[in-house]
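Heads up, the numbering used here is the position in the sequence shown plus 1, with the first residue counted as 1.
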Amino acid sequence: IKDVFEKRSGRDLSPFFHQWLKEKGLVDIHVESSSVRRKGGKFELTINVVRKNSTVAIDLPLTLLFLQGGEKKMSVTLDAERKEITLLVDEEPAYVVFDSDYDLPRTLTGDEMPPVVARLLGDERPIIVVEEAGIPVYQAVIVGFAREQAQNNEKKMDGTGKRLTDADLKASSVVILGADNPLVNKLFGAVPAPAAGFSLEIRTNPWNAGKVVGIFNARSAEEAAAAFPKIAHYGKYSSLAFDKGRNIDKKISTAERGIIVTFRDEPAVVDLSLMKKLSNVTEAAAARKIVYLGEYHDRFSHHNIELEIIRDLHKKDPRLAIGMEMFQRPFQNTLDDYVNGAIDEREFLNRSEYFGRWGFDYNLYKPILDFARRERVPVVALNIRKEITEKVSKEGMDALTDEERKELPRETDFADEDYRHRIRQAFDQHKGQSEKNFDFFLQAQVLWDETMAESIDEYLKKNPDRRIAVIAGGGHLAYGNGIPKRAFRRNKLPYTIVLNDAEIERDIADFIIFPQPLNGMTAPKLLATFKEDKGRLVINDFVQESPAKAAGLRSGDGIISLDGVPVTSLQDIKEALFYKDKGDIMKIKVIRKRFLLGEKEMEFEVKL
2 IKDVFEKRSG
12 RDLSPFFHQW
22 LKEKGLVDIH
32 VESSSVRRKG
42 GKFELTINVV
52 RKNSTVAIDL
62 PLTLLFLQGG
72 EKKMSVTLDA
82 ERKEITLLVD
92 EEPAYVVFDS
102 DYDLPRTLTG
112 DEMPPVVARL
122 LGDERPIIVV
132 EEAGIPVYQA
142 VIVGFAREQA
152 QNNEKKMDGT
162 GKRLTDADLK
172 ASSVVILGAD
182 NPLVNKLFGA
192 VPAPAAGFSL
202 EIRTNPWNAG
212 KVVGIFNARS
222 AEEAAAAFPK
232 IAHYGKYSSL
242 AFDKGRNIDK
252 KISTAERGII
262 VTFRDEPAVV
272 DLSLMKKLSN
282 VTEAAAARKI
292 VYLGEYHDRF
302 SHHNIELEII
312 RDLHKKDPRL
322 AIGMEMFQRP
332 FQNTLDDYVN
342 GAIDEREFLN
352 RSEYFGRWGF
362 DYNLYKPILD
372 FARRERVPVV
382 ALNIRKEITE
392 KVSKEGMDAL
402 TDEERKELPR
412 ETDFADEDYR
422 HRIRQAFDQH
432 KGQSEKNFDF
442 FLQAQVLWDE
452 TMAESIDEYL
462 KKNPDRRIAV
472 IAGGGHLAYG
482 NGIPKRAFRR
492 NKLPYTIVLN
502 DAEIERDIAD
512 FIIFPQPLNG
522 MTAPKLLATF
532 KEDKGRLVIN
542 DFVQESPAKA
552 AGLRSGDGII
562 SLDGVPVTSL
572 QDIKEALFYK
582 DKGDIMKIKV
592 IRKRFLLGEK
602 EMEFEVKL
């Protein structure tokens, strides 16, 4: 056949026959990176494509779509494992689609594969998750999957009664029996049970786009037994509903067609004739149960705007509370005591461990807390304990102890792809520091946002007559998929998002404020870094023009006291500095190790 084809075409077809007769599996193609730039009067596109499972040249079809409309079809040759594709075009590109008509026999990307019944039934070893009380109801489903495994000569799955780890979830497709199964809340937040005798919803596995999760729900064992044997006939569907074995509903989820690479979106335009005043913002926000105020933590101008909005909202309705990302839930009683006047500021800062748990100068937040104390406005600690997010970010949720798990939010949604994409961008900007694993980083961020959403929801459920203004970093609020939509999933309460100095993008917020820059007084600094050594805080190094170094302190000096007050932690140092002004003198007593002479206590006067 090869000889005949070559003779007829006049071409060497050895690569073609090698590919189809010798090589095994489908070619795997994915885009590693892409960029676009102006080059004279044209636009230059650069796309780095990786090809696996093939050693011969492949013609890859692509369609280039332009921002102002129109398209251009062409093909590029992939003749190496890694290929940099460069295209020069006259018009501004919007996006490129590779192989949209599936001309190549290749492995589909996760975005091209809709979650459907056939993918679940075709999985060799799905994990079945059922609560003990649900076993009688779902017996037909359990037996059905066990029979399928037996026909495939699969061994019986181990692990009955064991805790399901995130590693397990990432490695397998999952069968969840019961819409009220706790695992549903852990993966997807909450999924309402359809009004049907038996239902099945297939979703993409949040931890592995190549796997799926099937959520089965049955009113009775009879409904499950009548419907389950029929689902194999509905392989292309993503959700099914049955009543007494009769199909009453079926839906197909959509998926991307081809490998899509986005370059440019149409620019946003602001009509300045519609520019609002701050009073317009608070007027609109006052009608909402929840008002989210997004900030850059280190900008006095943002905190000043927050205080103005809070004052105005409080004036309109004194039943206002303030939720703050900056405080963690175990310290709610301390916040209550401070706002109610039971303790002073110094004790509040000490008991809340503010300086050890939040890295920003307290002067930034002091006016807001002063207002809350003066007007007796409740302040709600929104955040999860710092130790938990730090541990999860480094080791994952599987590393948490049973006691630590008690502090986790009851619902966590890991399935929001837009949220995942934004967190991935943040991770890529910071990786190489303390966070090494994206899955762990994502888990920590979701726990952070879900905990704050849960704290808001719990407060409003306990205090239904109140409204709440939430102060958090803009990244937790932008586009709504950090805190706002997670709180809305729980309570369906209307909200407004107000951001400071944000990019003007569609759906990023309801209002964006551009305040004038504002300077503020900050606490003086020693400009030194510290480390723990045998229970003592020791100077590790100095930065910039350190007043501590200028006064004679050295690396290795152990801090004993500041102005006569004993020091055991960095919290103690930051608290002492907060109550000093720049130019003040601070007496620092240290213990210094001397070669051959032993340790010696020394005291230095440091001009801050």
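Ideal Cβ placement from N, Cα and C applies to all residues, glycine included.
Since we're looking at a predicted model, the values are computed, not measured.
Host beta strand (DSSP E) of Arg595 (start-end): 586 to 595
Beta-carbon contacts of Ala210 that lie in its chain and below 7 Å, excluding the five residues immediately before and after: Gly111
Beta-carbon contacts of Leu611 that lie in its chain and below 8 Å, excluding the five residues immediately before and after: In the structure as shown, the chain begins at 2 and stops at 609. Residue 611 is therefore absent and cannot be evaluated.
Pairwise C-alpha distance: Gly179 and Glu132: 8 Å
Beta-bridge partners of Ala382, as assigned by DSSP: Met325
Nearest to Gly536 (by Cα), restricted to the options Gly476, Ala194, Ile561: Ile561
Leu165 versus Leu188: straight-line alpha-carbon distance, rounded: 12 Å
For Phe229, the first and last residue of its enclosing alpha helix (DSSP H): From DSSP, Phe229 is part of no alpha helix (DSSP H); its letter is neither H nor E.
Completely contained beta strand (DSSP E) runs for the stretch 484 to 518, where each covers 3 or more residues: 496 to 501, 512 to 514
Contact under 8 Å by Cβ, Pro94 with Phe44: yes
C-alpha distance - Phe1 paired with Leu241, whole-angstrom precision: Residue 1 cannot be examined here, being either before or after the span of the chain that is shown, 2 to 609.
Pairwise C-alpha distance: Asp419 and Lys485: The residue asked about is misnamed: residue 485 is Pro in this sequence, not Lys. Going from the Cα of Pro485 to the Cα of Asp419 covers about 14 Å.
6 Å CB neighbourhood of Ile59 in its chain, flanking five on each side removed: Leu79
Touch test, the stretch 244 to 259 against the stretch 285 to 292, Cβ-Cβ under 8 Å, three pairs minimum: no
Opposing strand residues paired with Ile457 [DSSP bridges]: Answer by DSSP bridge pairing: none, since Ile457 is not bridged.
Cβ-based neighbour list, Val340, same chain, cut-off 6 Å, excluding 5 preceding and 5 following: Ala373, Arg374, Val380
Sub-8 Å separation of Ala549 and Phe543 beta-carbons: yes
Contacts around Val51, its chain only, beta-carbon distance under 6 Å, and the 5 residues preceding and following it disregarded: His31, Glu33, Arg83
For Pro116, the three-state DSSP class (helix, strand or coil): coil
As assigned by DSSP and simplified to three states, the class of Gly612: The requested residue 612 is not part of the displayed model; the chain covers only 2 to 609.
Residues near Ala119 by beta carbon distance below 6 Å, same chain, minus five either side: Gly236
Sequence-distant residues of its chain with Cβ nearer than 8 Å to Leu610 (five each side left out): Here the chain covers residues 2 to 609 and nothing more, so residue 610 does not appear.
8 Å Cβ cutoff met for Pro116 and Ile216: no
Cβ neighbours of Glu155 in the same chain (closer than 7 Å, five flanking residues each side left out): With a pLDDT of only 45 at Glu155, under the threshold of 50, the placement of this residue in the model should not be trusted, and no figure is reported.
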